[in-house]
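Participant:
Residue numbers (the UniProt record's numbering), protein chains in the order written: chain A, 1 to 123; chain B, 1 to 328.
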């Protein structure tokens, strides 16, 4: 999955760090010169797309290499959907258990969006 | 704890993105400072690790983006609001609005106002009567009939905008005559008697009129941020709708309708708001990950997930592997 010329899921752009990045990039693109009130992009949109692409790769690789901890969760499944190889679950009254005796975390509902760990080409 | 790992993970992500983007920046001829800004943004964002919008906004001013996003968006909103309001006014109330503006400009509107305030006056009197405990019922009946009369008058206004009903035409005439003499106006009270109005009264009426116009222009959303304008206006709009027929009694209401016009227009994005909130609620508790295995036996589900980012209760967690069991 970490092959360099491979496409990466854009899934993680929806995470908080991904949203922060897209917001920042949007601001850079939509930057308006306060004096002339004219649009004055600090970066071209194409560059922003490249940055997002490298973000897709970076976060996928970092999550794979640098993260070791495990987690388990239970709850009642409200909605499930499997479309285009993407599972979407809406789980209610969910409890997460972390490693190391970290106190469990509960939430009323959580939305899980999950892509196939195996890319179509992979075996 | 996953939560502590988040900082390092995000830091690595930011570093990697920055490093791999450096070449692209150079190729595009973008200053390194912009990249640095991007990095700073990321770093400042990361320790919070929670609220994407908050840090993203906070980060901007410290660097060389002189205009923080709220201002940018605010400016856009203002333009949009102004544009829309103007459009809407023209479309829906153009004729009447033009009429009343012209009326002011040409000084004709004194008579106009006289009638409006006549109506207001009468309404006020009705209110007092109703408030009177004695013979409340009879007076309510009287008020109701009066209101009906107003309603029919109001319809006249609506149809012809400027051309007034017969009785009011009279008062117009009287007013013009009196104008010829010494610019003192008369108004009819409910009993049909003429009441002389002094200059001070007239001035007061004019002042009120201008003030309400100004309010309609400024408070109506043209000068306000979109958010405030909608928040401010939504309630009155719905209240007014509830009043129905009784309010159709004069040009004054038309002006309130002008405000309504802005409201109703701005209400549209407002209506979308709750949906957005719902989505954000969904985003507030969100897990993005890969699945290895999803199994189901009857209503029992088991899944094995990996490489996930979890946002729950405003906190971020990352995990390498997760197992979930849930019943449908």
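For every residue, glycine included, the Cβ atom is placed at its ideal position computed from N, Cα and C.
Taking Cβ positions, are residue 58/A and residue 16/B nearer each other than 7 Å?
Facilitator: yes
Participant: Based on Cα-Cα distance, which residue from 90/A, 102/A, 118/A lies nearest to residue 108/A?
Facilitator: 90/A
Participant: According to a CB-to-CB cut-off of less than 7 Å, which residues of the stretch 287-301 of chain B neighbour chain A?
Facilitator: 287, 288, 289, 290, 291, 292, 294, 301
Participant: Which same chain residues, not among the five before or five after residue 99/A, have their C-beta less than 7 Å away from its C-beta?
Facilitator: Residues of the same chain with a CB within less than 7 Å of the CB of residue 99/A, apart from the 5 flanking positions on each side, are 69, 70 in chain order.
Participant: Below 8 Å on the Cβ atoms is my contact criterion, and I expect residue 29/A with residue 21/B to pass it. Report the Cβ-Cβ distance as a whole number of Å.
Facilitator: Incorrect: roughly 14 Å between the Cβ atoms, too far for contact.
Participant: If you draw a straight line from the C-alpha of residue 320/B to the C-alpha of residue 67/A, how long is it?
Facilitator: Roughly 5 Å between the two C-alpha positions.
Participant: Please compile the residues from chain B whose C-beta is within a distance smaller than 7 Å of the C-beta of residue 117/A.
Facilitator: 290, 291, 292, 306
Participant: Rounded to whole angstroms, what's the CA-CA distance from residue 82/A to residue 116/A? Just pull it up for me.
Facilitator: Rounded to whole angstroms, residue 82/A to residue 116/A spans 11 Å at the Cα level.
Participant: Name the one or two DSSP bridge partners that residue 309/B has.
Facilitator: Paired residue(s): 288/B, 318/B.
Participant: Is the beta carbon of residue 302/B sitting closer than 7 Å to the one on residue 292/B?
Facilitator: no
Participant: Taking Cβ positions only, does residue 12/B come closer than 7 Å to chain A?
Facilitator: yes
Participant: Quick one: is residue 55/A buried, meaning 16 or more other Cβ sit within 10 Å of its Cβ, or exposed?
Facilitator: If you draw a 10 Å sphere on the C-beta of residue 55/A, you find 16 or more other C-beta atoms in it, and that means buried.
Participant: Please say whether residue 207/B and residue 110/A have beta carbons closer to each other than 7 Å?
Facilitator: For residue 110/A and residue 207/B, no; Cβs fall outside 7 Å.
Participant: Check each candidate in 300/B, 205/B, 24/B and name the one with the smallest Cα separation from residue 79/A.
Facilitator: 300/B
Participant: What does a CB cutoff of less than 7 Å around residue 328/B pick up in its chain, not counting 5 residues either side in sequence?
Facilitator: 299, 301
Participant: Under the three-state reduction of DSSP, which class applies to residue 39/A: helix, strand or coil?
Facilitator: strand
Participant: Hey, how far is the Cα of residue 45/A from the Cα of residue 11/A?
Facilitator: 20 Å
Participant: Taking 7 Å as the CB-CB cut-off, is residue 216/B touching chain A?
Facilitator: no
Participant: In whole angstroms, give me the CA-to-CA distance for residue 304/B and residue 312/B.
Facilitator: Straight across, the Cα-Cα distance linking residue 304/B with residue 312/B is about 19 Å.
Participant: Thinking residue 314/B and residue 287/B are a contact (beta carbons under 8 Å), I'd like their distance in whole angstroms, please.
Facilitator: Their Cβ separation, rounded to whole angstroms, is 14 Å, which puts residue 314/B and residue 287/B out of contact at 8 Å.
Participant: Against chain A, with Cβ distances strictly below 7 Å, would residue 28/B count as a contact?
Facilitator: yes
Participant: For residue 195/B and residue 204/B, what's the separation of their Cα atoms in angstroms?
Facilitator: CA-to-CA, the gap between residue 195/B and residue 204/B works out to about 16 Å.
Participant: Is there a C-beta anywhere in chain A that falls below 7 Å from the one on residue 21/B?
Facilitator: yes
Participant: Note down the Cα distance separating residue 23/A from residue 24/B, rounded to an integer number of angstroms.
Facilitator: Between the alpha carbons of residue 23/A and residue 24/B lies a distance of about 19 Å.
Participant: Residue 297/B and residue 5/B: beta carbons closer than 7 Å?
Facilitator: no
Participant: CB residue 106/A to CB residue 88/A, shorter than 7 Å?
Facilitator: With respect to residue 88/A, residue 106/A sits apart: the two C-beta atoms are not nearer than 7 Å.
Participant: Please confirm if residue 207/B has its CB atom under 7 Å from at least one CB of chain C.
Facilitator: The structure shown contains no chain C; the protein chains it does contain are A and B.
Participant: Should residue 188/B go down as buried or exposed, given a rule of 16 or more other Cβ atoms within 10 Å for buried?
Facilitator: buried
Participant: Under DSSP, the beta strand (DSSP E) around residue 114/A begins and ends at which residues?
Facilitator: 105-116
Participant: Thinking C-beta only, is residue 92/A closer than 7 Å to residue 72/A?
Facilitator: Going by C-beta atoms, residue 72/A is not nearer than 7 Å to residue 92/A.
Participant: Which of helix, strand or coil does DSSP assign to residue 67/A?
Facilitator: coil
Participant: Kindly list, in the order they appear in chain B, the residues whose Cβ is closer than 9 Å to that of residue 60/A.
Facilitator: 290, 307
Participant: Kindly indicate if chain B contains any beta-carbon less than 7 Å away from that of residue 70/A.
Facilitator: yes
Participant: Taking just the CA atoms, how far does residue 326/B sit from residue 19/B?
Facilitator: 41 Å
Participant: What do you get for residue 192/B, buried or exposed, if any count of 16 or more other CB atoms within 10 angstroms of its CB means buried?
Facilitator: exposed
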